[in-house]
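Counting from 45, one number per residue, gives the positions in the sequence shown under the numbering used here.
Every residue gets a Cβ at the ideal spot worked out from N, C-alpha and C, and that includes glycine.
Notes to accompany the following structure.
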Amino acid sequence: SLQGYDHYMLKEIYEQPESLRNAMRGRLDEENATAVFGGLNLTPQQLRSVERIILTGCGTSWHSALVGEYLIEELARIPVSVEYASELRYRNPPIENNTLVFGLTQSGETADTLAALRETKRKGHRTLAICNVVGSSIAQAADGGVYLHAGPEIGVASTKAYTSQCSVLAMLALYFGRIRHLSYEAGTNIIADLMKAPGAVQEALACNEHVKTVAEKYQNATNILYLGRQLNFPTALEGALKLKEISYVHAEGYPAAEMKHGPIALVDETTPSVFIVPQGTTYDKVMANMEEVKARGGPIIAVASKDDPHIDAVADDVIHIPDVPSIIQPIVSVVPLQLLSYHIALLRGCDVDKPRNLAKSVTVE
Ligand code: F6R
C-alpha cells in the first residue's frame, strides 16, 4: 500500500534509508574490516584468483554497474568492464580465464540480462547475480549472488533498487580489496563510510520541498543536460534517465568535460544543465565546466555539498546534499535527481508510477 504517499515512486525514494540498512545488514564485518556475503558460492581461493570482472545489466542497473566499475577498480585494483547485456549476449568478446561475471538486475527477469549470463556461463565463466527479487529467473540461473533486500519496488522507475545496487557493489569492492591489498585500517574506514549512507540519504531527503520549487521553475524545459565527472558521471546518466522515462522530457547525461565536444552546442537560455558537483577531487574541474555553460547563457541547477562557499555565485539554483565520503557519494547525490524527475513529471501531468511505453520488467529482448 501507499502508506500515505501519493505515489509508489515517492514512497520508494523515501524508503531508501531503510533499504540501504537492509542491504548492509549482516554484511559488514567490523572485526575483520571486510564485507561478508552468504551466497557467492565460491571459495576464498576462487575469489582470490579473480583477475577480471564483467558487470552487465540494462538501464538503471547498467548505471549502477558504472559505479561498481569505479569502486572495484579503485578499492580492489581488479580490471572491470561494464557491458550492456543486450550487446554482450550477441557479441563475442574474448573473456580471459578467471573472469567473474555479475548480472545486475532489480527484477531478476530482464531477458537480455538473463541471456547474457546464460551465454557467459555456457562458456564456462562463473556468473553471479546482484538482484532484488528472491527466486527470480536470473537469481536461479546464476551460480550464486547477492540479494539487495530492498523490498518490492513497484514504481516503474527504479529508485531504491539503484541505491541498494550501489551499496552492494561498494561492499563487494571492499570485500575484493580486503582479500588482496587493502589494509585492515583502510577496511575499517570504508566500513565507517558505508555506515553513513542511510543517515546521509535521510538528510538529503530534506531537500524535497526545495526541489519541488526548482521543478516548478524548469517544468517547461524540453531539453535538460545532466553533467558530472568520475563517480558522479553515472549519477548524471541516471538523473537523465529518470527524467526521460517519467516526464518524457529529453535529457542527456554526459561527463562534464566531454560536453564541449558536442553537446555544448545545445546550450542556450532555454536548456538548463544539472551539475552534480559535490566536494571531491574533481570539484574545481567541474566548476570550470559550469562556467563554460554559464558563459553561453545556460541556466544551471547544481547539486552541491551543503557548505560549498562558491556555488551560489555560479549556479542559478542550488540543491544541497550532505558532505559525504566519495564511496557513498553516488548513493546520496542521486536522491535529489530522483525527486526532481518526480516533481517535474507530476507538474507535467504524467503518471509517475506507470509511465507510457514502459514495463516494470522487460521480459522480451
Ligand atoms: C529505469 C528502469 C529500467 C530498468 C531496466 C533493467 O528506471 O527501471 O531502466 O533498470 O529495465 O531492469 P532490471 O534491473 O529489473 O533488470
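Backbone secondary structure at residue i - three-state DSSP
i	result
residue 175	strand
residue 301	coil
residue 188	strand
residue 357	helix
residue 202	coil
residue 223	coil
residue 313	coil
residue 257	helix
residue 268	strand
residue 409	coil
residue 57	helix
residue 229	helix
residue 364	strand
residue 345	strand
residue 308	helix
residue 159	helix
residue 379	helix
residue 181	helix
With 16 other Cβ atoms within 10 Å as the buried cut-off, status of residue i
i	result
residue 304	exposed
residue 306	exposed
residue 167	exposed
residue 316	buried
residue 66	buried
residue 343	buried
residue 335	exposed
residue 227	exposed
residue 400	exposed
residue 150	buried
residue 274	buried
residue 108	buried
residue 225	exposed
residue 216	buried
residue 90	exposed
residue 351	exposed
residue 135	exposed
residue 75	exposed
CB-CB length for residue i against residue j, believed under 8 Å
i	j	result
residue 256	residue 354	Contact doesn't hold; Cβ gap of about 25 Å is too wide.
residue 11	residue 366	This structure leaves residue 11 out entirely; the chain is present only between 45 and 409.
residue 313	residue 155	Between residue 155 and residue 313 the Cβ distance is about 43 Å, and since that is not below 8 Å, they are no contact.
residue 301	residue 338	Incorrect: roughly 15 Å between the Cβ atoms, too far for contact.
residue 111	residue 374	5 Å
residue 211	residue 68	6 Å
residue 199	residue 56	5 Å
residue 92	residue 81	The Cβ separation is near 15 Å, so there is no contact.
residue 389	residue 291	4 Å
residue 126	residue 140	The Cβ separation is near 16 Å, so there is no contact.
residue 285	residue 310	Contact doesn't hold; Cβ gap of about 18 Å is too wide.
residue 362	residue 346	5 Å
Neighbour flag for residue i against chain C, beta carbons, 8 Å
i	result
residue 112	In summary, chain C is missing from the structure at hand, where a single protein chain is found.
> Do the segment 105-122 and the segment 260-269 make contact, defined as three or more Cβ pairs closer than 8 Å?
Replying inline: Verdict: no, contact absent.
> Would you call the segment 177-185 and the segment 91-98 touching, i.e. three or more CB-CB distances under 8 Å?
Replying inline: No: fewer than three Cβ pairs fall under 8 Å.
> Should the segment 371-383 be regarded as contacting the segment 395-409, the criterion being three or more beta carbon pairs within less than 8 Å?
Replying inline: For the pair of segments examined, the segment 371-383 was found not to touch the segment 395-409: the number of CB pairs separated by less than 8 Å stays below three.
> Does the pairing of the segment 222-241 with the segment 313-333 give three or more beta-carbon distances under 8 Å?
Replying inline: no
>> Taking contact to mean 3 or more Cβ pairs, one atom from each stretch, closer than 8 Å, check whether the segment 276-286 and the segment 65-85 are in contact.
In response: no
>> I'd like to know if the segment 49-61 and the segment 190-207 are in contact, where contact means that at least 3 CB-CB pairs between them fall below 8 Å.
In response: yes
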